[in-house]
Every structure is written in C-alpha cells, then in structure tokens.
Amino acid sequence: MYFKPLALFSCVLLFSACRHLPEQSVTPAQAVSEVQTLQQRDNNLKQKVNAYTQDQALFDVAFDDLNQDGQDEAIVLLKGQDWCGSGGCTMLIFQGKPNQQFGFLSKTTLVDTSVYATTYLHNGWKQLLVYSRKHGQVMLKFDGTRYPLNPSLLPVATAKLAPNTAKLLLGIAE
Numbered sequence: 012m013y014f015k016p017l018a019l020f021s022c023v024l025l026f027s028a029c030r031h032l033p034e035q036s037v038t039p040a041q042a043v044s045e046v047q048t049l050q051q052r053d054n055n056l057k058q059k060v061n062a063y064t065q066d067q068a069l070f071d072v073a074f075d076d077l078n079q080d081g082q083d084e085a086i087v088l089l090k091g092q093d094w095c096g097s098g099g100c101t102m103l104i105f106q107g108k109p110n111q112q113f114g115f116l117s118k119t120t121l122v123d124t125s126v127y128a129t130t131y132l133h134n135g136w137k138q139l140l141v142y143s144r145k146h147g148q149v150m151l152k153f154d155g156t157r158y159p160l161n162p163s164l165l166p167v168a169t170a171k172l173a174p175n176t177a178k179l180l181l182g183i184a185e
C-alpha cells in the first residue's frame, strides 16, 4: 500500500541529487604554473634540509599551515642511521615564508609515524600528535618559539581525538 509512494519518493530523491555540476577547467598555463610553484617549493625545502643535515639525509615531508598565516609549514621526518635510533627519528619543522621559502623553526627527536596536526591551538600554532617509540602518542605544544625537543619526556596522550580534529601528515592512519 505504501510501497509505491515510498519507492517513487526514493527515486525522485535519488535523481534530484544527480545533477550536473559545471566543470572547473584549468588551462595548460595554470597547470604548468602550479607545477612550477610546487617544484620551486620542493627545491627550496630540499636546500634547507640539506643545509641542516649537511647533505646527509633522506626524508619524508608533509605540508600544513600550522600557524594559520596562509603559508604552509614543512614537517620533515628525517631517515637513516644518522637521524634515527631505537626511540624514533628526528623531525624538523620549517616555517613557511613568502615566495615558497622556508626558515628553520624547530627540531624534535625520537619521533615515529604517525604524525597528526590537530585543530587545537597553543600559542597560535596547531598542536601535533606524534608517536614516540617505547612511549606512545604524545601531544607537542608550541611554546611560542618551538615545539618540544624530546617527546619521550612528555605525558602520554590518553584522550582519543574527536573525529575531524586531526589531519594525518605522515604515516598510516590508526
């Protein structure tokens, strides 16, 4: 008895959601410009990391605007025996500057993946949730100058993050 009206209503609802949205076209010049900008950013960051490590390190990198100034910071997790030990690896943060430039901001040792940027702010910067081997997940809070050097000295983060309060930067989602 109520099946036909319900089925009809469901079909109308389904098809009304299927509307054509205009495509946003990107010109070849815009695409080339964006690629060149990203290449410039990556080259500038590589120069900064190489200067810091004296050309010794491989690294993973993620970009996120940690201080909400419109410039992405670079979160760099160094790799290799010079930068990693039994407790984790060294993480560097480079502050984003205009024209795809970076300045060294902070060093944190004993970091392992996964690394998350949270929506929680401390001194105007996002708090970072990192994993420290043999210790667990800890929250790194910006002190006004830098993030903490050694996460293994911080209390273990026991509270679960609410959905949509953290963005995975490096590693695999848990």
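All you need for the working numbering is the position in the sequence shown, starting with 1, plus 11. Glycine included, each C-beta is placed from N, C-alpha and C at the ideal position.
Cross-strand partners of K178 (DSSP beta bridge): Checking the DSSP bridge columns, you'll see K178 partnered with A128.
How many Å lie between L24 and W136 at the Cα? Here L24 scores only 37 on pLDDT, less than 50, and its place in the model is too uncertain to base an answer on.
Suppose only complete runs of 4+ residues qualify. What are the alpha helix (DSSP H) ranges in the region 36-85, listed by chain order? Runs found: 39-64.
So for S163, helix, strand or coil by DSSP? DSSP places S163 in helix when its eight states are reduced to three.
What is the DSSP secondary structure of Q111, counted as helix, strand or coil? The three-state secondary structure of Q111, taken from DSSP, is helix.
Can you tell me whether P109 is buried or exposed? The criterion is at least 16 other CB atoms within 10 Å of its CB, across all chains shown. Looking at its Cβ environment, which holds fewer than 16 other Cβ atoms inside 10 Å, P109 is exposed.
Could you tell me which of D80, Q148, T124 sits nearest to G107, measuring between CA atoms? The shortest C-alpha to C-alpha distance from G107 to any of D80, Q148, T124 is the one to D80.
Grab the span of the beta strand (DSSP E) containing S143 for me, first residue to last. Its beta strand (DSSP E) spans residues 136-143.
Distance cutoff 8 Å, beta carbons only. Does G81 sit that close to anything in chain C? The structure shown contains no chain C; it holds only a single protein chain.
Is A92 helix, strand or coil by DSSP? The residue you asked about is not Ala; residue 92 is Gln in the sequence shown. Three-state DSSP puts Q92 in coil, outside helix and strand.
Cβ shell of K152 (< 6 Å), same chain only, five flanking positions each side left out: So the qualifying residues of the chain are H133, Q138.
Does the separation of the CB atoms of S143 and S163 fall below 8 Å? At a Cβ-Cβ threshold of 8 Å, S143 and S163 count as neighbours.
CB of L181 within 8 Å of CB of D71, strictly: The Cβ-Cβ distance between L181 and D71 falls below 8 Å.
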